[in-house]
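Each residue of the sequence shown is one higher than the last, beginning at 287 in our numbering.
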Amino acid sequence: MTANGPAAEATTVEDEPSATAADDGAAGTESESALATARRQLERAAAHVDVDPGVVERLKHPTKVQQVSVPLRRDDGSLEVFTGYRAQHDDVRGPYKGGLRYHPEVDADECVGLSMWMTWKCAVMDLPFGGGKGGVAVDPKTLSEEETERLTRRFAEELRDLVGPKSDVPAPDMGTGPREMAWFMDAYSMQQGETTPGVVTGKPPVIGGSYGREEAPGRSVAIVAREAIDYYDRDIEETTVAVQGFGSVGANAARLLDEWGASVVAVSDVDGGIYDPDGLDTGDVQDHDERPGMVSGYDAPGTLSNAELLELDVDVLIPAAVGEVITVDNVDDVRADLIVEGANGPTTFAADAVLEERGVPVIPDILANAGGVTVSYFEWLQDINRRQWSLDRVHEELEAEMLDAWEAVRANVDGKGLTWRDAAIAVALSRIGGAKEARGLWP
Ligand code: GLU
Numbered sequence: 287m288t289a290n291g292p293a294a295e296a297t298t299v300e301d302e303p304s305a306t307a308a309d310d311g312a313a314g315t316e317s318e319s320a321l322a323t324a325r326r327q328l329e330r331a332a333a334h335v336d337v338d339p340g341v342v343e344r345l346k347h348p349t350k351v352q353q354v355s356v357p358l359r360r361d362d363g364s365l366e367v368f369t370g371y372r373a374q375h376d377d378v379r380g381p382y383k384g385g386l387r388y389h390p391e392v393d394a395d396e397c398v399g400l401s402m403w404m405t406w407k408c409a410v411m412d413l414p415f416g417g418g419k420g421g422v423a424v425d426p427k428t429l430s431e432e433e434t435e436r437l438t439r440r441f442a443e444e445l446r447d448l449v450g451p452k453s454d455v456p457a458p459d460m461g462t463g464p465r466e467m468a469w470f471m472d473a474y475s476m477q478q479g480e481t482t483p484g485v486v487t488g489k490p491p492v493i494g495g496s497y498g499r500e501e502a503p504g505r506s507v508a509i510v511a512r513e514a515i516d517y518y519d520r521d522i523e524e525t526t527v528a529v530q531g532f533g534s535v536g537a538n539a540a541r542l543l544d545e546w547g548a549s550v551v552a553v554s555d556v557d558g559g560i561y562d563p564d565g566l567d568t569g570d571v572q573d574h575d576e577r578p579g580m581v582s583g584y585d586a587p588g589t590l591s592n593a594e595l596l597e598l599d600v601d602v603l604i605p606a607a608v609g610e611v612i613t614v615d616n617v618d619d620v621r622a623d624l625i626v627e628g629a630n631g632p633t634t635f636a637a638d639a640v641l642e643e644r645g646v647p648v649i650p651d652i653l654a655n656a657g658g659v660t661v662s663y664f665e666w667l668q669d670i671n672r673r674q675w676s677l678d679r680v681h682e683e684l685e686a687e688m689l690d691a692w693e694a695v696r697a698n699v700d701g702k703g704l705t706w707r708d709a710a711i712a713v714a715l716s717r718i719g720g721a722k723e724a725r726g727l728w729p
């Protein structure tokens, strides 16, 4: 439980699944689309599951990918046209489910890859949902609040035929949050002629959102990290943690682990990170949503770049910013004993293989950050029943769901000797394969 951190100038950028993000200097040159990675992960895990090869073949392809043009009247009166997407990967177990991101690099392949991960994520959690993902190729930082509202309402209208509480239920993702979900829900409801809160999740609680939804991905990362620390016979009180990305996922995970006794020695946001070998007081550090860029403004004994944070000699590393930050270019310098993925897809396929060879366990995104979609499911239930749950109930049920999923994946790790990622995809695949085989192929 040591942590040796260099002090260096702050550069690079990070954030997490449900907040603004940008590129990362640590991402290196290895580049593969989320779709290519997701397909390779599927093939690898499928070898360990008794599932019809035809089902695996089918799951390499999405059901549908919708591309739409989203014209926006800018505040200065000019018109700009953005491109939006919604990928629907699979719905054998229930409505497509997954976020909408606003990020300049959104494209069809990325949405399809991320929608595949949503299919696995929902199945690992045993939720009655399939996988979807979408977004608009736009840098949300370049839009005024009014422009963001107009863009969101028009995007909702372009997707109206596709989405709905029983067909496809979007949620926040990178660059979007409760505010965008409220506009989306309102635009959809106005056109449908009835208030339809269940069309999206991650809304503000005042219009049918769930208490605890915003903090849920970070909470699940912390729960899973706690279980993993215990599984590897470590004492949480003697565990050092570094968290890349101090938006809602990273900040909530860091604060909970800190509360449970771990020593969070480094955190970072888009502008760089801070380091204290004795442990930071994470409650005092403002997160990216409270005040962007404030992490590096915090008075800590040391500062470090996002790239350096990934290489700290800590017990647990939590990449909770953007995807593809642990790559073949930096994996040899990653010194953490355990990695818990807070972001979606932070470890490339090749880097994953190196970590496996070195015996460094990686607890995958589809399990670790699945608290978000799990509380989305709670929200969807609350919307259908028109009855709000208390925060205590959300916490209690989330804890139970996370422990069930952890146990299912752990049984595959212990029983079949799989990596945590293979084990999680295997759990998902056996549930999805079972459903597909029972339903059969139409016509
Ligand atoms: N965007 C989140 C994720 O990647 C949440 C999706 C949802 O709640 O539907 O898991």
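All residues carry an ideal CB built from backbone N, CA and C; glycine is no exception.
Since this is a predicted model, take the numbers as computed values, not measurements.
**Q.** Endpoints, alpha helix (DSSP H) assigned at Tyr-517
**A.** Element bounds for Tyr-517: 502–517.
Q) Just to confirm, does Ser-662 get its C-beta within under 7 Å of one of the non-hydrogen atoms of the ligand GLU? A) Yes, since a heavy atom of the ligand GLU falls inside the 7 Å radius drawn around the Cβ of Ser-662.
(Q) Buried or exposed, going by whether 16 or more other CB atoms sit within 10 Å of the CB of Pro-456? (A) Looking at its Cβ environment, which holds 16 or more other Cβ atoms inside 10 Å, Pro-456 is buried.
Q: With DSSP as the reference, please indicate the residues paired to Ile-718 in a beta bridge.
A: Paired residues: none, contrary to the question.
Q.
One question on the structure: do Trp-675 and Glu-513 come within less than 8 Å of each other, judged by their Cβ atoms?
A. No; because the gap between Cβ atoms is not below 8 Å, this pair is not in contact.
Q: Could you name the residues of the same chain whose beta carbon sits closer than 6 Å to that of Ala-710, not counting the 5 residues immediately before and after it, in chain order?
A: Same-chain partners within the cutoff: Val-410, Pro-650, Ile-652, Leu-653, Val-695.
**Q.** Option in Lys-407, Glu-396, Ala-333 with minimal Cα separation from Glu-687
**A.** Looking from the CA of Glu-687, the closest CA among Lys-407, Glu-396, Ala-333 belongs to Lys-407.
Q.
Mapping the DSSP letters down to three states, classify Ala-497 as helix, strand or coil.
A. It should be pointed out that residue 497 corresponds to Tyr in this sequence rather than to Ala. In the three-state reduction of the DSSP assignment, Tyr-497 falls in the coil class, being assigned neither a helical nor a strand state.
Q | Other residues of its chain near Phe-470: CB distance less than 8 Å, five sequence neighbours each side excluded | A | Within the same chain, Leu-386, Thr-438, Arg-439, Phe-441, Ala-442, Pro-456, Val-485, Val-486 come within 8 Å of Phe-470 by CB-CB distance, once the 5 residues on both sides are set aside.
Q: Identify, in the order they occur along the chain, each residue of the same chain with its Cβ nearer than 7 Å to the Cβ of Ala-312, setting aside the five sequence neighbours on each side.
A: Low local confidence applies: a pLDDT of 35 at Ala-312 is under 50, so the model's placement there is unreliable, and no value is given.
**Q.** Given Glu-723 as reference, the closest of Asp-336, Ala-322, Thr-323 once Cα atoms are compared
**A.** When the alpha-carbon of Glu-723 is set against those of Asp-336, Ala-322, Thr-323, the nearest one is in Asp-336.
Q. Is it buried or exposed for His-347, if we count other Cβ within 10 angstroms and need 16 for buried?
A. Looking at its Cβ environment, which holds fewer than 16 other Cβ atoms inside 10 Å, His-347 is exposed.
(Q) Within the continuous beta strand (DSSP E) that includes Ile-560, where are the two ends? (A) Unbroken beta strand (DSSP E) run through Ile-560: 558–561.
Q.
Measuring only from the beta carbon, is Gly-533 closer than 7 Å to any heavy atom that is part of the ligand GLU?
A. Checking every heavy atom of the ligand GLU against the Cβ of Gly-533, none is found closer than 7 Å.
Q. For Ser-319, which three-state DSSP category applies?
A. In this structure, Ser-319 counts as coil in the three-state DSSP scheme.
(Q) Would you say the beta carbon of Asn-655 is closer than 7 Å to some non-hydrogen atom of the ligand GLU? (A) Indeed, a heavy atom of the ligand GLU lies less than 7 Å from the Cβ.
Q. Cβ-heavy atom distance between Ala-697 and the ligand GLU below 7 Å?
A. Distance from the C-beta of Ala-697 to the nearest heavy atom of the ligand GLU is not below 7 Å.
Q: Write down the C-beta distance between Glu-638 and Arg-717 rounded to the nearest angstrom, noting that I regard them as a contact closer than 8 Å.
A: The sequence as given places Asp at residue 638; Glu does not occur at that position. Taking the Cβ atoms as the reference, Asp-638 lies roughly 23 Å from Arg-717, outside the contact range of under 8 Å.
Q. What's the C-alpha gap between Arg-465 and Arg-379?
A. One C-alpha to the other measures close to 29 Å.
**Q.** Alpha-carbon spacing of Met-580 relative to Lys-702, whole angstroms
**A.** Approximately 45 Å, taken between the alpha carbons.
Q: Confirm, please, whether the CB-CB distance from Ala-552 to Leu-598 is below 8 Å.
A: Judged by beta-carbon spacing, Ala-552 lies within the 8 Å limit of Leu-598, meaning their Cβ atoms are closer than that value.
**Q.** Check: Asp-459 C-beta below 7 Å from any heavy atom of the ligand GLU
**A.** At least one heavy atom of the ligand GLU is nearer than 7 Å to the Cβ of Asp-459, so yes.
Q. Among the residues of its own chain, which have a CB less than 7 Å from the CB of Thr-315, if the five just before and after it don't count?
A. Because the pLDDT at Thr-315 is just 46, under 50, the model does not fix this residue reliably, and the point stays unresolved.
Q: Quick one: give me the first and last residue of the beta strand (DSSP E) that Lys-452 is part of.
A: Lys-452 -> no beta strand (DSSP E), and no H or E assigned at all.
Q. Three-state secondary structure (DSSP) at Pro-632?
A. Correct three-state label for Pro-632: coil.
Q. Three-state secondary structure (DSSP) at Thr-428?
A. Thr-428 falls in the helix class under three-state DSSP.
Q. Would you say the beta carbon of Gly-416 comes nearer than 7 Å to a heavy atom of the ligand GLU?
A. No.
**Q.** the ligand GLU heavy atom lying under 7 Å from the CB of Thr-438
**A.** Thr-438: no, Cβ never under 7 Å from the ligand GLU.
Q) What do you get for Thr-428, buried or exposed, if any count of 16 or more other CB atoms within 10 angstroms of its CB means buried? A) The residue in question, Thr-428, is exposed, as its Cβ has fewer than 16 Cβ neighbours within 10 Å.
(Q) Please tell me whether, using a cut-off of 7 Å, the distance from the CB of Asn-630 to the nearest non-hydrogen atom of the ligand GTP is below it. (A) With respect to the ligand GTP, the structure shown offers nothing to examine, as its ligands consist of the ligand GLU.
**Q.** Three or more C-beta pairs below 8 Å linking the region 518–536 and the region 621–630
**A.** Counting Cβ pairs under 8 Å, three or more are found: they touch.
Q) Going by the CB atoms, is the gap between Gly-558 and Leu-590 shorter than 8 Å? A) Cβ distance < 8 Å, so Leu-590 and Gly-558 count as in contact.
Q. Residues in its own chain within less than 7 Å of Ser-496 by CB, not counting five upstream and five downstream?
A. Closer than 7 Å at the Cβ level, and outside the excluded window around Ser-496, lie Val-661, Phe-664, Glu-665, Gln-668, Trp-675, Val-680.
**Q.** Nonlocal neighbours in the same chain, by C-beta distance under 8 Å from Asp-516, ignoring five residues either side
**A.** Short of 8 Å from the beta carbon of Asp-516, and not among the five residues preceding or following it, lie these beta carbons of its own chain, in chain order: Ile-522.
**Q.** Residues bridged to Pro-605 (per DSSP)
**A.** BP columns for Pro-605 point to Gln-530.
Q) Taking 7 Å as the line, does the beta carbon of Lys-346 fall inside it for any heavy atom of the ligand GLU? A) Incorrect: Lys-346 has no Cβ contact closer than 7 Å to the ligand GLU.
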